[in-house]
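Structure first, commentary second.
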Amino acid sequence: MAFVLVIAAFLLALPAFVAAPKHRAAVEAFASRLTGRDVHINGALSLSYWPQPEITASGITITGPNKEVITAHGLALDLALPPLLHGQIVVRTLDLDTPTISFPWPLPGGVSAVSPPPWLAALHAHIDNGLIRFGEVNFADVDADLFTGPGGSLSVSGTGQLAEHPVSLSVAIGKTATNNSAPLSIQGSADGVKAMLSGTLNTQSELHGALTLQLPGGMAGKMQIEANANSILASNISLNNNNTNLAGQAKLGLNPLNLEANLTGDNVNFSQFSSFQSAWPRHFSAQIDFNATNILILNKKLPSIRGIFNTGPHGSSIKNLSLGLPGGGNLTGNIALTSDTHLSGHVSLSALDLPALTSDFGLPPETAWTAAHLQATLGGSGLLPKLKLVSGTLGQDHVSGQINLSPGHAAFRLAFDRLELVPLAAWLGQKPFEEHFIAEGELTAEHADAGPVKLSNLFVDAALDGSLNIRRASASLYNGVAGGNVTLGDSFKVASAHAFLDIPSATPLAALAPAYLKLPSGLLRAHLNLLVAAAGPPEALSTSAVAKLGDFTLTAAPVIDLTTPTLSGAVSLRHPNAIAAMKLLGFNQGCTSMAPVPGYPFQGSNQACIAKANDPSLAFPGPGALSLGARFVAAPNSYGLSDFVLSAGLLNASGQLLESKGHIIGQIDAGTLVIPPVPSRLQIPRSLPFSGVITLKAGQILYAGERIFGPSAATLTMAPDNANLTMSSANFGNGNASGNAYLRLLGNTPPTLNIKILAQNIDFSALNFNENFPFSFDAGQANASANLTAQGYTVRAMAATLGGNATLSAKNGIFSGLSLPGIAAVMHKPNQLALYKALKSGSTPFTTMTFATTISKGNCSLTQAVLTAPSGKISAIGDIDLFDSTLALKLDALPALNPPLTLTTRLFGAWEKPGRTIDLHKAANWMPAKK
40 MAFVLVIAAF LLALPAFVAA PKHRAAVEAF ASRLTGRDVH INGALSLSYW
90 PQPEITASGI TITGPNKEVI TAHGLALDLA LPPLLHGQIV VRTLDLDTPT
140 ISFPWPLPGG VSAVSPPPWL AALHAHIDNG LIRFGEVNFA DVDADLFTGP
190 GGSLSVSGTG QLAEHPVSLS VAIGKTATNN SAPLSIQGSA DGVKAMLSGT
240 LNTQSELHGA LTLQLPGGMA GKMQIEANAN SILASNISLN NNNTNLAGQA
290 KLGLNPLNLE ANLTGDNVNF SQFSSFQSAW PRHFSAQIDF NATNILILNK
340 KLPSIRGIFN TGPHGSSIKN LSLGLPGGGN LTGNIALTSD THLSGHVSLS
390 ALDLPALTSD FGLPPETAWT AAHLQATLGG SGLLPKLKLV SGTLGQDHVS
440 GQINLSPGHA AFRLAFDRLE LVPLAAWLGQ KPFEEHFIAE GELTAEHADA
490 GPVKLSNLFV DAALDGSLNI RRASASLYNG VAGGNVTLGD SFKVASAHAF
540 LDIPSATPLA ALAPAYLKLP SGLLRAHLNL LVAAAGPPEA LSTSAVAKLG
590 DFTLTAAPVI DLTTPTLSGA VSLRHPNAIA AMKLLGFNQG CTSMAPVPGY
640 PFQGSNQACI AKANDPSLAF PGPGALSLGA RFVAAPNSYG LSDFVLSAGL
690 LNASGQLLES KGHIIGQIDA GTLVIPPVPS RLQIPRSLPF SGVITLKAGQ
740 ILYAGERIFG PSAATLTMAP DNANLTMSSA NFGNGNASGN AYLRLLGNTP
790 PTLNIKILAQ NIDFSALNFN ENFPFSFDAG QANASANLTA QGYTVRAMAA
840 TLGGNATLSA KNGIFSGLSL PGIAAVMHKP NQLALYKALK SGSTPFTTMT
890 FATTISKGNC SLTQAVLTAP SGKISAIGDI DLFDSTLALK LDALPALNPP
940 LTLTTRLFGA WEKPGRTIDL HKAANWMPAK K
C-alpha cells in the first residue's frame, strides 16, 4: 500500500517537476540521452495525463550527429500509459507544429541520417505546416505523416510546396541491411507530372535505381538513376507518347544545383512541356543540347530543331539555334534573355520557298517575294522584342531597317532598293494579319514598280489594323512628283483619299494606254497636273477630280458604289481653242489621223488635205472653244454618257452614248454636225469591238467647213462584222436625199462597202461643192442616183476599187465652163481669141441635162452626157478618174448655128489645171448660111 502511495505521489509530482524552469536543463539532458540527439527547449514544457498522457513543448531545437537540425514552434508526444506506470516512456505519436527540418546535402551519414532511432521503432509522427530542407532544395507548407518501423525503416507521405508549386510525395526507406544500404522508394506528383523512383540508398549518400515518369498529355518515360553526394546522373532516358520519342542522358549537379542534358527526339510537341516553364525553379541553372525532327511548336509543324538551350538565375539563352522551316527554310542564330528580360542576339532567316513558308503559317503569299534571306540583331525585351539592323533580300528586293514588336502590334521602318507595289497591294488586300493585330511604320524604296509605272524615291507612312491607312505617300516619276493619302476600310475599299500628280509631260503615260490605243504625241507632250479627292461610305463614295493637260481641263465628280461597283456623276472637258484641241487630238486643219471608231488605233501621222481644207479659216471644227458637259455612268458591264452637251467650234450636239456588254445605244441631236475630210490613208478596221444602234439628227452637216446637208436624220447600226448607215432624209441642195452605206468587215478579207444614194429636187445653186473641177452647175434642179461598191483596207484602196453606176438629170439650169451663147456670138463676128475663151469659160443656160456613167476601179466612164439648151447642145465622152483626180474627156459643142458647127475640146490631166486642145479648123472655114 505504501508503494502505491509512493507511485501515486510520484505521478502527481511529475507534471510540476517537468514544468518547473529550474528543472529544464535536467529535462533537456534526459531528452538528449533518450533520443541520441541534442535537444533544446526554449519555450514552455508540460506533462498531462488527461485525456491521455502527453508531453508538450514549445521552441524546440533538435540537432543530430549528421548536422541535421529540427526546429519547431511546438512539439507534442503522446505516451503509452502502461509503460509510463512501469517507469518507461513509449511514444505512440509525435506532432510537430510548424517545424523546420534541415538535412545537409550530401547526407553525412547517408541513410542513417534519416533513419529513426531505435526507441522510435513504432512511431507515428505528424508534421503540420513544416519546412524541410535537403541542401538547397526546400519543401514548404509540408503536411505529412511519418511512420517508423524496426531496423530504421521509415515511410513518409504528405503534401507541400516545391518552388512555389504544390507537390504530393511519398517516401519509403526500408530496413538497413548489413552493407549499410536500404531500399528506397519515392512516389510524387506535381503539376500533372507523376514520378516513381525505386532503388537503394547507402550510408555514403549513393543512390542507384530506376525512375519512371508520367507527364501531361499521356507521355511516359523511364531512365536509370545514379546519384551521389555531388550529382544525379540519368542515363538511358526514354520518353514517348504515341509517335513522340525523346532519348538521351542528363546530369543534375547538386552543389551548386545545375542540369546538363543531351537529348534527341522525333515528333515532339512542345506544348506538352509548356507546364514545365512555370514549374521550373528560377534559380535553377540548366543546359540542354537538344536535337529533334518533326516538331510541333505553337501548333505549327516544323521539320527540325537543334540548339543548346540554357537557363539560370541570370536569364536564358539559345546557342547555335537551327530551326527547320517549311519550304526548305531555316532559322538560325543565338538568342539571350536576361533575368530582367533584356533581349539580345542575332538571327538569320533563309527561306528558299517563301510562299510555302507563309502559307504554312496561315499567311497569303506575296507573289513577288518567292524567297527570303534576312538577318537581324535582337534587342528590346522578351515582351517587347526589337529586330534591329535588319538586312537581306525578299525575292530580288534588298531590304534593311528595324521592326519593333509588342503584343498585337508591330512598328517598322524598312528601306528597299526596289519594290513591286501591285503584288504587295494584292497581298495587303487579303488581310494577312489577325483582326486585332496592328502593323504601322514607314517604308521607302529607291525604285518601285506600280505595274508599268516606274517610281523612284518612294516614301510611305502607313498603318494596317483591319483597315489600311496610308497616312502619307510620295514618289518621283517621269521627272515629276506624285503623292497623297488613302484609307481603305474594313472591306479594303476606299473610305477616303487625296492624291496629286504633277509631271512636266504626259508622254510617258502613253505606255499605260491599251495596246490598241495610240494617243497622239502632241496631246501628251503638255504638262499634266491631276488632283483627286474621295470620301464617304463604300456604297456612296463621293469623289472629285481635276486634271489639266496643257490647255485641256477635265473635271469629274462621280459618286461611286464600291460594293456594286457602279459610279455616276458630272464630267466636263474644256479647251479655249477647239481647232487647237482637235489638232492635238489628231485632226489637222480638217484632216484627221484619229481613229474612225472607239477602240481603233490612231494612225499616228497627219495626212495631206485638199487645198480648201488647208485654209486656216476652215480648220476643223471651226473657230470657238471646246466644251463638253456630261453625266458619266459606269457599271461592271456598262459605261457611257447618259446625257451630254458638246460644243466645239461650229459643232454643237447633245444626246447620250451608252455601252453595255459590247452593245452601244446612242442618240445624237446636233445643231451643227461638223465632219472633217477623211484622209485617204485611214485604215478600215477588220472588225468592230462592239455592236449597237445610234440615231442621228442634225440641223446641218458641214464637211471640210462647207455646208453639205441641211436638216438630216440617220441611223447607224453596228455589229462586229458590219456597219450600216441609213439616211432616211437629208436636206441636200434644198431637195431631199436618202440612202444607205453598208460596210462589211470580213476579217482576213478586205472590207467591202456598198453605197446607194437617191437625191431629188436638188437646187444646184444651194450646193457648196468646190472640188476645182473645170466644169460646174451653178443653177438648175436635178435628180441623182448612185449604186456603188468598193473594197480595201484603207480609204485610198476603197477609192481605187470603187465601182458601180451613177445617173444625174437636171433642167432649167446653168452650166459653167463653156458658153454656147458666147460661141454663137463670136462666130458671127470672127475673133479666134474670143472663140477660144468661149470654149473654156463662161456659162450656158440649159433646158435639160442627162448624165450616166459606169464606174470601175475608181474610174468613171461616161455612157451618156448630153446637155440641151436654147443656144445649142453639148455632149461628152471619156473618163474621169476619181482615184487620181484626173480626167480624159472629149466635149463636142454644137452651138445653134446655121449651118451646124461642131467644135471639139479635149481635156486631160489633173482636174485643177487640165491640159486642153481645141480644134478650131472647122470654125475657121465656117460661114453663116445665106438667107
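Just add 39 to the spot in the sequence shown (first one is 1) and you have the numbering used here. Positions of the beta carbon are idealized from the N, C-alpha and C atoms, including for glycine.
Which same chain residues end up closer than 8 Å to residue 894 when comparing Cβ atoms and leaving out the 5 residues on each side of it in sequence?
Once the five neighbours on either side are set aside, the close Cβ partners of residue 894 are 827, 841, 842, 843, 844, 845, 900, 921.
How many whole angstroms separate the CB atoms of residue 858 and residue 881, which I take to be in contact at a CB cut-off of 8 Å?
Going by Cβ atoms, the distance from residue 858 to residue 881 rounds to 3 Å, so yes, they are a contact pair.
Going straight from the alpha carbon of residue 594 to that of residue 801, what length do you get?
Here the C-alpha atom of residue 594 lies approximately 46 Å from the C-alpha atom of residue 801.
In the structure shown, what three-state DSSP assignment does residue 871 receive?
If DSSP states are grouped into helix, strand and coil, residue 871 belongs with the helices.
CA-CA distance, residue 49 and residue 92?
The predicted position of residue 49 is uncertain, since its pLDDT is 45 and thus under 50; no value can be drawn from it.
Which word fits residue 898, buried or exposed, when buried means at least 16 other C-beta atoms lie within 10 angstroms of its C-beta?
Residue 898 comes out buried.
Could you pull out every residue in the same chain whose Cβ sits closer than 6 Å to the Cβ of residue 431, ignoring the five residues on either side in sequence?
Excluding its 5 nearest sequence neighbours in each direction, residue 431 has C-beta neighbours in its own chain below 6 Å: 412, 413, 414, listed in chain order.
When DSSP builds the beta bridges, which residues end up paired with residue 262?
Answer by DSSP bridge pairing, in chain order: 250.
For chain C, check one thing: does any of its Cβ atoms lie closer than 9 Å to the Cβ of residue 442?
Here there is only one protein chain, and chain C is not present.
When we look at the beta-carbon of residue 962 and count the other beta-carbons within 10 Å, is it buried (16 or more) or exposed?
Buried.
Identity of the residue in 724, 725, 708 nearest residue 740 by Cα
The shortest C-alpha to C-alpha distance from residue 740 to any of 724, 725, 708 is the one to 708.
At the level of alpha carbons, what is the spacing between residue 824 and residue 834?
Each residue's alpha carbon lies about 22 Å from the other.
Is the beta carbon of residue 755 closer than 9 Å to that of residue 723?
Judged by their CB atoms, residue 723 and residue 755 are not nearer to each other than the 9 Å cut-off.
I'd like to check one pair, residue 542 with residue 519: are the Cβ atoms closer than 9 Å?
Yes, the pair counts as a contact, with Cβ atoms nearer than the cut-off.
Indicate the three-state DSSP secondary structure (helix, strand or coil) for residue 841 in the structure shown.
Residue 841: coil per DSSP, three-state reduction.
Residue range of the unbroken alpha helix (DSSP H) whose run includes residue 618
First-last of the alpha helix (DSSP H) with residue 618: 617-623.
Can you tell me which of the three DSSP states residue 578 falls into?
Three-state DSSP puts residue 578 in a helix.
First through last residue of the alpha helix (DSSP H) which encompasses residue 964
DSSP places residue 964 in the uninterrupted alpha helix (DSSP H) bounded by 960-964.
Between residue 944 and residue 956, is the Cβ-Cβ spacing less than 9 Å?
Contact: yes.
For residue 393 and residue 372, which I take to be in contact (beta-carbon distance under 8 Å), what is that distance rounded to the nearest angstrom?
Residue 372 and residue 393 do not touch by the CB rule: their CB atoms are close to 18 Å apart, not below 8 Å.
Distance check for residue 448 and residue 525, CA to CA, integer angstroms please.
Residue 525 and residue 448 have their alpha carbons spaced roughly 21 Å apart.
Determine whether the beta carbon atoms of residue 583 and residue 572 lie at a separation below 9 Å.
Going by C-beta atoms, residue 583 is nearer than 9 Å to residue 572.
From the DSSP output, which residues share a beta bridge with residue 776?
Residue 776 has 769, 798 as its beta-bridge partners, per DSSP.
Proximity winner among 516, 577, 554, relative to residue 547 (alpha-carbon distances):
Nearest of 516, 577, 554 to residue 547, Cα basis: 516.
With DSSP run on the structure shown, which of helix, strand or coil describes residue 339?
Three-state DSSP puts residue 339 in a strand.
Segment limits, beta strand (DSSP E) that includes residue 743
Where residue 743 is concerned, there is no enclosing beta strand (DSSP E), because DSSP gives it neither an H nor an E.
Own chain partners of residue 499 with C-beta closer than 8 Å, once the 5 adjacent residues on each side are dropped:
Sequence-distant Cβ neighbours of residue 499 in its own chain, meaning closer than 8 Å and more than five residues away, are 481, 482, 483, 509, 511, 512.
For the alpha helix (DSSP H) containing residue 394, name the first residue and the last one.
Its alpha helix (DSSP H) spans residues 393-399.
Who pairs with residue 941 in a beta bridge, going by DSSP?
The partner list for residue 941 (beta bridge, DSSP) is empty, contrary to what the question assumes.
Local conformation of residue 723 per DSSP, three classes:
Residue 723 falls in the coil class under three-state DSSP.
Taking residue 693 as part of the beta strand (DSSP E), name the residues at either end of that continuous run.
That run of the beta strand (DSSP E) goes 690-699.
By DSSP, does residue 557 sit in helix, in strand, or in coil?
Looking at residue 557 - three-state DSSP - the assignment turns out to be coil, as it is neither helix nor strand.
Over the uninterrupted beta strand (DSSP E) stretch that includes residue 672, give me the two end residues.
Unbroken beta strand (DSSP E) run through residue 672: 665-674.
Nearest by alpha-carbon distance to residue 247: which of 256, 265, 403 is it?
The option with the nearest alpha carbon to residue 247 is 265.
Are the CB atoms of residue 540 and residue 569 nearer to each other than 9 Å?
Yes, the Cβ-Cβ distance between residue 540 and residue 569 is below 9 Å.
Through-space distance from residue 693 to residue 725, alpha-carbon basis
So the two alpha carbons sit approximately 30 Å from each other.
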